[in-house]
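Enquirer:
There are 2 protein chains.
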Amino acid sequence: MKMPPLHQEFVLHFGEMGSRWGINRTVGQIYALLFLSAEALNADQITEALGISRSNTSMGLKELQAWRLVRLKHVPGDRKDHFTTPDDLWEIVRILIDERKKREIDPTLSKLRALEMQGPVGDDYSEARISELREMIEMMTGFYEDMARLDTEKLVRLMTYGSRIAGLIDKVGGYLPASRG
Amino acid sequence: MKMPPLHQEFVLHFGEMGSRWGINRTVGQIYALLFLSAEALNADQITEALGISRSNTSMGLKELQAWRLVRLKHVPGDRKDHFTTPDDLWEIVRILIDERKKREIDPTLSKLRALEMQGPVGDDYSEARISELREMIEMMTGFYEDMARLDTEKLVRLMTYGSRIAGLIDKVGGYLPASRG
DNA sequence: CTGGGATTTCAGAAATTACTGAAACTCTCG
DNA sequence: CGAGAGTTTCAGTAATTTCTGAAATCCCAG
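This is the structure in structure tokens:
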């Protein structure tokens, strides 16, 4: 693995964290490498920098593309495909949350709805628990979807605003409809 | 695995989702079982319901306790330890986010800070990319910590309010300090 | 067409992670 | 103190996941 020390440490860290993030070591490393790289890299460059097999690189890139975390970029005069990460970090965060939601939450939400559809087949407690869980997930994903709709500038303002937002709602809350349509 | 069909389906689903959530199958199943259970269960009941080994149950419960997702509950007149999940779903969500933050984000934030401390050891692009990433993570975790401080009632109000919150900030934003801290 | 570079697929090997049963330990009650 | 129920640890095994090299496929320039 030959690259500047900073890159090296960063790449190794992402590799280690990979398993906690639900991706494997090499996928984490490939992402880290591309993230720090000013220019797009081709698969052979990645293979060499990380000291892994060419096929492993190919699979890693495929997975990162499935996550929409890396993009293909054509370099004129080069037949090879080159890869980059989006420049805009906010975009990366949105993609990450969307994809995790899709993989980790949506299937469970569907399952909960399906279970409720079956009608009363359990004891009261478990039925109630399942409904409550579904409602909570719907509220949280609904909120996220609302936030994701905001443009970056507004989002930054909101986050910087922090918990004072709550006071704001207290103040004006009475004059506004209590729930979303 | 003998339990009502509703429980069974729910438990199996949590087992399957486990790997996506960064826990293993049995840990997911144990959690699901306790979640639906009106009364606290002891380790033997869990072992029998899920058809796994007693030691596996013990390890699963230990991991769930490390996540603070299950609690010990003493049942009078019974020497065995009994386990439950918190009743309040909001509390569960807070715990989940806190713990995931601790495992998935905090180590990276530390690493980024450490890398920046080393002074200028990389190219300009990668240095900038790392700072930018650290700042973004700090903003998001800061916002989360602010939100976590709110009581449930305010939080529900805020989430229900959704994206209209942004308009609210637009309206009063000028009269308030631009940043926290 | 077709020759050859570029990429992907895939079956098996390697590495990692999960699970089990047996043994060790802990705690409490008599 | 010490018997025994209850729990945890741990070493070995099973299952799963990741990685590799070879073969197959793709695709464009000539």
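Protein chains in written order, with my numbering: chain A, 1 to 181; chain B, 1001 to 1181.
For every residue, glycine included, the Cβ atom is placed at its ideal position computed from N, Cα and C.
So, with DSSP's three-state summary, where would you put asparagine 56(A)?
Expert: Along the first sequence, one-based indexing puts residue 56(A) at 56. Three-state DSSP puts asparagine 56(A) in a helix.
Enquirer: So, does the CB of tryptophan 182(A) fall closer than 8 Å to a CB anywhere in chain B?
Expert: Not covered by the structure: residue 182(A). The range shown for chain A is 1 to 181.
Enquirer: Determine, using beta carbons only, whether arginine 1079(B) comes closer than 8 Å to chain A.
Expert: In the second sequence, the residue the question calls residue 1079(B) occupies position 79. No, because no Cβ of chain A sits closer than 8 Å to the Cβ of arginine 1079(B).
Enquirer: Do we get a CB-CB distance below 8 Å when we pair aspartate 146(A) with the residues of chain B?
Expert: Within the first sequence, numbered from 1, the residue matching residue 146(A) stands at position 146. At least one chain B Cβ lies under 8 Å of aspartate 146(A).
Enquirer: Could you tell me the boundaries of the beta strand (DSSP E) in which arginine 71(A) lies?
Expert: Here residue 71(A) corresponds to residue number 71 of the first sequence, with the count starting at 1. It spans 71-74 - the beta strand (DSSP E) in which arginine 71(A) sits, taken as one unbroken run.
Enquirer: Can the beta-carbon of threonine 1047(B) be found closer than 8 Å to that of leucine 1069(B)?
Expert: To locate residue 1047(B), count along the second sequence from 1; it is residue 47. To locate residue 1069(B), count along the second sequence from 1; it is residue 69. Not closer than 8 Å, so no.
Enquirer: Excluding five sequence neighbours on each side, which residues of the same chain lie with their C-beta closer than 7 Å to the C-beta of glycine 1122(B)?
Expert: Position 122 of the second sequence, counted from the start, is the residue given in the question as residue 1122(B). Within the same chain, glycine 1122(B) has no close Cβ partners at all.
Enquirer: Which residue marks the beginning of the alpha helix (DSSP H) containing aspartate 87(A), and which one marks its end?
Expert: Numbered from its first residue, the first sequence carries residue 87(A) at position 87. Annotation for aspartate 87(A): no alpha helix (DSSP H) segment contains it, and DSSP assigns it neither H nor E.
Enquirer: So, using beta-carbon positions, are asparagine 1042(B) and lysine 1080(B) closer together than 8 Å?
Expert: For the purposes of this step, residue 1042(B) is taken as residue 42 along the second sequence, with counting starting at 1. For the purposes of this step, residue 1080(B) is taken as residue 80 along the second sequence, with counting starting at 1. At the C-beta level, asparagine 1042(B) and lysine 1080(B) come within 8 Å of one another.
Enquirer: Between the C-alpha atoms of glutamate 116(A) and serine 1037(B), what's the straight-line distance to the nearest angstrom?
Expert: Within the first sequence, the letter at position 116 stands for residue 116(A). Within the second sequence, the letter at position 37 stands for residue 1037(B). C-alpha separation (whole angstroms): 17 Å.
Enquirer: Would you verify that the beta carbon of phenylalanine 1083(B) is, or is not, closer than 8 Å to some beta carbon of chain A?
Expert: The residue you call residue 1083(B) lines up with position 83 of the second sequence. Phenylalanine 1083(B) does not count as touching chain A.
Enquirer: Which class does aspartate 81(A) belong to by DSSP, given the choice of helix, strand or coil?
Expert: Along the first sequence, one-based indexing puts residue 81(A) at 81. Residue state, collapsed to three classes: strand.
Enquirer: Name the DSSP beta bridge partners of leucine 1041(B), please?
Expert: Residue 1041(B) sits at position 41 when you count from the first residue of the second sequence. Leucine 1041(B) pairs with Phe1083(B).
Enquirer: Give the straight-line distance between the Cα atoms of arginine 149(A) and proline 1076(B), rounded to the nearest whole angstrom.
Expert: Counted from its first residue, the first sequence places residue 149(A) at position 149. Counted from its first residue, the second sequence places residue 1076(B) at position 76. Answer to the nearest angstrom: the Cα atoms are 52 Å apart.
Enquirer: For a contact meaning CB atoms closer than 9 Å, what does proline 1005(B) contact in chain A?
Expert: Taking the second sequence and counting its residues from 1, one reaches residue 1005(B) at position 5. Chain A residues near proline 1005(B): Gln118, Val121 and Gly122.
Enquirer: If you draw a straight line from the alpha carbon of isoleucine 137(A) to that of arginine 1025(B), how long is it in whole angstroms?
Expert: Sequence index remark: in the first sequence, residue 137(A) carries index 137 (1-based). Sequence index remark: in the second sequence, residue 1025(B) carries index 25 (1-based). Each residue's alpha carbon lies about 21 Å from the other.
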